[in-house]
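Going by the numbering used here, the sequence shown opens with residue 3, and the numbers climb by one from there. Reading through the structure tokens given below for one structure.
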Amino acid sequence: MAHSFLFQKFCCTFLQAQKLNNSYLPKLKRRRFLRMTALAGGSAITAMTIPHLQAAWSQNSPKIAIIGGGIAGLNAAYQLKKVGLIATVYEAKPRVGGRIHSVTGAVGTGLITELGGSFINRNHDDLLALVEEFELNLFNRKQALEKMPFPAEGYYFEGKLHSETEVAEKLRPLARQIAVDAALLEENFEKYALAIDHLSVTQYLDQHADKISEPFIRVLIENTIRTEYGVEPDRSSALQLIYNLPTVEEEEVTILGASDETYEVEGGNSKIIDALAEALGEQIQTKKNLVKIKAQANGYQLTFQDISVVEADYVIIAIPFTVLRHIKLEVELPTTLQEFIGQVDLGRNEKVFAGFRKRVWLQPQGFTETVWSDLGFSQVWEATQRQTEQPTSALTFFVGGKEVAAIASQTLSSLGKTFLQRFEQIIPQAITTATGKFFRTSWHRDSFVRGSYTNFQPGQYSKFSSFMYVESENPEERQDVVVDNLVFAGEHLSDEFYGFMNGAAQTGRLAAEVVAQKISLQKGTKPEFGIRKGQVVS
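This is the structure we're talking about:
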């Protein structure tokens, strides 16, 4: 589930508020946590001598099990297949895809809505490589929005719309303070990060209350935490606020969260899942709910709810830790990893979709991208932007943190009507142009997910960062998440892309690379792993 729509726009507004000299603020880096090199044009691990390796491995093929059929697990299996290693994917649900789930017709004939992950950034190399490999089409949201003559965004708080210029002006004092703290992190990450990580966003804002001139500015900032991490500000590390705000180098703006959200997949993001599933075929088994994993002398024993038992030499765990903690683990794991599994949660975010007969928000007093608000939904954006040929459309009302709890008891019809009535304050014609069709997600109630995407509470990021994947040309900085022949994958384990679909795809690839390297060493083969596009496996 990607981070919320156009959080980047808030960052850009924040940047305007800074009005800093070009040399004032250096680009913040996460030191050892930041990936030091970009992928060389793709996401597929490939052995340069695949036929030779396939011949060597086929003599005594290792048994590889992958738990979880989301994009992390599917991509791990797909990348392994490319080097001649066949893994079996065990998915608890009847469908694969995890938190990527495109639905057609929920709020209108032919309208495609993303129940989970929505947007792809320009630096999401793993997802973009899969899109290219499977010859899927991308919709460039940025190009489409640039052609529209209407306001891009709105800020509706305290009963009125506030202009972007006003918001930038009111943000300026706090923006400068955050810029100073970002500069300190750049100067000496190890010295300052621990202290900032142990602060909650609430504590950070309390410390700098004198720099917040209007109450709605604080609410706006708190809303960005609700949308980006699915929690209230007191449950988010202050590092997460700083990481997602912009810096300036000369004339270049850098959005630290890299959340440009430029692309969507034409026809829905599930097209990626469908392509992976087709490539893997009978390697996927659904309705296989793991209940226990037990270490044995030469591998692992997996027990499923249907009482079936599978033995494997290598296991990739590609499910959220919120789910893994409910599975019996009879394996020896480092104490810190056990705590990571037991303590780090997914946030709570949900979407409420509403159908419309026309795009009434595209007007001089409307918006083309998003609206932030204090109306019980932090954000609103168009869910069907890529379907330009459709006269009808849909909006996404996005909620997070306490907003999710506030709507939990409402029926779908009641909730949809309530949100429309409130949205009418922003767009007066909303009620009369709505179709009355609504749909809502419920990820936090799904026992195979239990939330939206990863949030680190105060102190957790620094405590558990040693168990996150870090890609680097420097072997001392590179990190994999593996204990013996038990390998882990999922967006929660990506240092650079946690919370994003790309984090899941990336860690799936890296987990596959770990397994392939282990097997190659065992077999006495030493393949060179490279990265390239275009080798589709059928």
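Don't be surprised by glycine CBs; every beta carbon is placed ideally from N, CA and C.
Contact check for GLN459 against ARG237 passes: the beta carbons are separated by less than 9 Å. When C-alpha distances from ILE114 are compared across ALA170, ALA146, LEU82 and LYS273, the shortest belongs to LYS273. Every beta strand (DSSP E) of 3 residues or more that sits fully in the region 83-158 is shown, in chain order, as 89-92, 104-106, 114-116 and 140-142. Take ARG480, set aside five residues on each side of it, and the residues of its chain with a beta-carbon closer than 7 Å to its own are VAL472, GLU473 and SER474, in chain order. One alpha carbon belongs to PHE421, the other to TYR455, and they sit about 24 Å apart. According to the DSSP assignment, GLN179 belongs to the alpha helix (DSSP H) that extends over 166-189. Spatial neighbours of PHE369 in its own chain (CB-CB distance under 8 Å, excluding positions within 5 residues in sequence) are listed in chain order as PHE152, PRO153, ALA154, GLU155, GLY156 and TRP363. The beta carbon of LEU241 lies closer than 7 Å to those of ALA195, ILE198, ASP199 and TYR463 in the same chain, with the five residues before and after it left out. A straight line joining the alpha-carbon of GLU134 with that of GLY100 spans about 21 Å. CA-CA distance, GLN524 to SER63, rounds to 12 Å. For GLU171 and LYS162, the gap between their C-alpha atoms comes out near 17 Å. If you draw a 10 Å sphere on the C-beta of GLY418, you find 16 or more other C-beta atoms in it, and that means buried.
Between the region 443-451 and the region 373-389 there are fewer than three C-beta pairs closer than 8 Å, too few to call the two in contact. Under the DSSP assignment, ASN291 falls outside any beta strand (DSSP E); it carries neither an H nor an E label. Burial state of VAL182 is exposed, judged by a 10 Å Cβ sphere holding fewer than 16 other Cβ atoms. Of the residues assessed, MET470 falls on the buried side of the cut-off, its CB having 16 or more other CB atoms within 10 angstroms. By the Cβ criterion, the region 507-522 is in contact with the region 65-84, since at least three pairs of Cβ atoms, one from each stretch, lie closer than 8 Å. Taking a cut-off of 8 Å for Cβ pairs, the region 406-418 and the region 314-321 do not touch, as fewer than three such pairs fall below it. Proximity of the region 426-436 to the region 318-327 falls short of the contact definition, fewer than three beta-carbon pairs being nearer than 8 Å.
Beta-bridge annotation (DSSP): VAL312 is paired with LEU304. In the three-state reduction of the DSSP assignment, GLU332 falls in the strand class. A direct Cα-to-Cα measurement between LEU326 and PHE342 gives close to 11 Å. Under DSSP, ARG442 shares a beta bridge with VAL354. Across the structure, THR413 and PHE499 are spaced so that their CA atoms are roughly 34 Å apart. The residue among THR324, THR288, ASN300 and THR390 with its C-alpha nearest the C-alpha of ASP308 is THR288. Closest in C-alpha terms to HIS103, from the list THR337, ALA356, GLU263 and SER120, comes SER120. Per DSSP, GLY510 is one residue of the alpha helix (DSSP H) stretching across 503-525.
Here the region 220-227 does not lie against the region 487-505, with fewer than 3 beta-carbon pairs under 8 Å apart.
Here the alpha carbon of PRO366 sits roughly 47 Å from the alpha carbon of ALA78.
Around the beta carbon of ASN271, a 10 Å sphere encloses 16 or more other beta carbons of the protein chains shown; the residue is thus reported as buried.
VAL373 and ILE219 have their C-alpha atoms spaced approximately 14 Å apart. Shown here, LYS296 sits in a strand according to DSSP, grouped into three states.
In this structure, the alpha-carbon of VAL401 lies about 43 Å from that of LYS520.
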